[in-house]
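Enquirer: My structure is below; once you've seen it, I'll send some questions.
Protein chains: 2
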Amino acid sequence: MTNRLETPEYRVFSRFLIAHAKLMREFDATLREVCDIPLSWFDVLVHVSLEPGQRVTHTRLGERTLMSQGGVTRLVDRMVKAGLVARRASRADRRKSYVVLTDSGREKLAEAMPTQLDSIQELFVQHLEDGDTEVMDGFFRRVLGLE
Amino acid sequence: MTNRLETPEYRVFSRFLIAHAKLMREFDATLREVCDIPLSWFDVLVHVSLEPGQRVTHTRLGERTLMSQGGVTRLVDRMVKAGLVARRASRADRRKSYVVLTDSGREKLAEAMPTQLDSIQELFVQHLEDGDTEVMDGFFRRVLGLE
DNA sequence: TGTCAATACTTTCTATGTCAACTATTGCTT
DNA sequence: AAGCAATAGTTGACATAGAAAGTATTGACA
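Have a look at this one:
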């Protein structure tokens, strides 16, 4: 039964899981050490800043960060308390509430972005050789059902 | 600043993250639906069964499942309560306690293994084309610092 | 042999996330 | 316009995991 676990394909899968765990751990540890924020906060800062108008609804933020709605509310709560983001009620639709960066949030992002980009470079991108990028991009697109 | 986010390499990294989240979600959902256990329990069952003598110490189980020691204790607690595994004190070293499968645990594994192997096949392995396996294996090995 | 650092596991405290129920608001349909 | 399903966000109950301190046991070494 477990012999199917010993194929090269399964081994790749297994390494995929371990690599993911390792990367997440190190990204989080580095961001906490250098910038004093967890990876989840960095994610929010980035996704707010990437949005047109530098503002996101909770729902969209949930899609981007792959979190549940309740989870987003609480994550944003903590970041509001820390002063990195603020909520701004939408005029057009009073159910909506936009998440925006505060000055402090913008500063924190400017500080954390190079840190995180360096980590990604060092732990992930650096190991991409020759055609690896294209191969892996194709693979992940298929996994995600894109195109 | 964010322009480095728009390179093909970063895009691969981003898809890697999204793919991981998607796969974990679906594996867990399928195992819960079909076999009524979470992915974390399946992981434990597999790692116990793969061990020589079909028994693992908590410490080793933690290394295998990438979990903290306290996390392992409680995860095993829950599975003991559910009757899938049991703890067996070590004679040689009375600090150690081995985790072993119960009959019920062995049955559950026999039921869950094909389910999970099918999921992995369908959601991951199926999308590996031609030389993809070798390319990705090499990449993940480098990421993990193997060899 | 007595001491003490290391090891194995447990436990407490806390952080964080999910699910489902709830509230408010919107906008479609008649 | 009234009714009502859909949408946005919050909240309560609960599940789970990590960090660090605590307990028991082992083994090395003076």
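These protein sequence lines are chains A and B, in that order.
Letter by letter, the first sequence follows residues 7 to 153 in this note's numbering.
Letter by letter, the second sequence follows residues 7 to 153 in this note's numbering.
Where a beta carbon is used, it is the ideal one built from N, C-alpha and C, also for glycine.
1) What is the DSSP secondary structure of A:MET97, reduced to helix, strand or coil?
2) Using DSSP bridges, identify the partner residues of B:VAL50.
3) For the alpha helix (DSSP H) containing A:LEU37, name the first residue and the last one.
4) Does the segment 96–108 of chain B come close enough to the segment 53–68 of chain B to have 3 or more Cβ pairs within less than 8 Å?
5) For a quick check, are the C-beta atoms of B:PHE19 and A:HIS133 less than 8 Å apart?
6) Pull out every residue of the segment 92–123 of chain A whose Cβ sits closer than 9 Å to any Cβ of chain B, in chain order.
7) Over the uninterrupted alpha helix (DSSP H) stretch that includes B:VAL131, give me the two end residues.
8) If you run the structure through DSSP and keep just helix, strand and coil, what is B:SER74?
9) In terms of alpha-carbon separation, which member of B:VAL86, B:VAL40, B:ARG112 and B:GLY89 lies closest to B:ASP124?
10) Would you say A:VAL86 and A:ARG94 are within 8 Å of each other, going by their C-beta atoms?
11) With A:THR139 as the anchor, note down where its alpha helix (DSSP H) starts and where it stops.
12) Run through the DSSP bridge pairs and tell me what B:LEU107 is partnered with.
13) Alpha carbon to alpha carbon, how far is A:VAL52 from A:GLU69? Give it in angstroms, no decimals.
14) Mind checking which residues open and close the beta strand (DSSP E) that includes A:ARG10?
15) Please tell me whether A:ILE24 has its Cβ less than 8 Å away from any Cβ of chain B.
16) Thinking B:LEU129 and B:SER110 are a contact (beta carbons under 8 Å), I'd like their distance in whole angstroms, please.
17) Out of curiosity, what's the CA-to-CA distance linking B:ARG10 and A:THR139?
18) Take the Cβ of A:ASP136 as the centre, count every other Cβ of all protein chains shown within 10 Å, and call the residue buried at 16 or more, exposed below.
19) Can you name the residues of chain A whose CB is closer than 9 Å to the CB of B:ASP72?
20) Is there at least one Cβ from chain B nearer than 8 Å to A:PRO58's Cβ?
21) Taking Cβ positions, are B:VAL196 and A:GLU12 nearer each other than 8 Å?
22) Name the chain A residues that come within less than 7 Å of B:PRO14, Cβ to Cβ?
23) Looking at A:LEU29: is its Cβ nearer than 8 Å to the Cβ of A:LEU37?
24) Kindly say whether B:LEU51, judged by its beta-carbon, lies nearer than 8 Å to any beta-carbon of chain A.
25) Measuring CB to CB, does B:VAL149 end up less than 8 Å from A:ALA92?
Expert: Let me spell this out:
1) The identity of residue 97 of chain A in the sequence shown is Arg, whereas the question assumes Met. In this structure, A:ARG97 counts as coil in the three-state DSSP scheme.
2) Its beta-bridge partners do not exist; DSSP assigns none.
3) 14–41
4) yes
5) no
6) LEU115, ALA116, MET119, PRO120 and LEU123
7) Where B:VAL131 is concerned, there is no enclosing alpha helix (DSSP H), given that its DSSP letter is neither H nor E.
8) coil
9) B:VAL40
10) no
11) 138–150
12) B:VAL91
13) 14 Å
14) Here A:ARG10 belongs to no beta strand (DSSP E), and DSSP marks it neither H nor E.
15) yes
16) Not a contact, Cβ separation roughly 28 Å.
17) 15 Å
18) exposed
19) Correcting the residue type first, residue 72 of chain B is Leu in the shown sequence and not Asp. Result: LEU23, ILE24, ALA27, LYS28 and ARG31.
20) no
21) What is shown of chain B runs 7 to 153, which leaves residue 196 of chain B out entirely.
22) THR139 and ASP143
23) no
24) no
25) no
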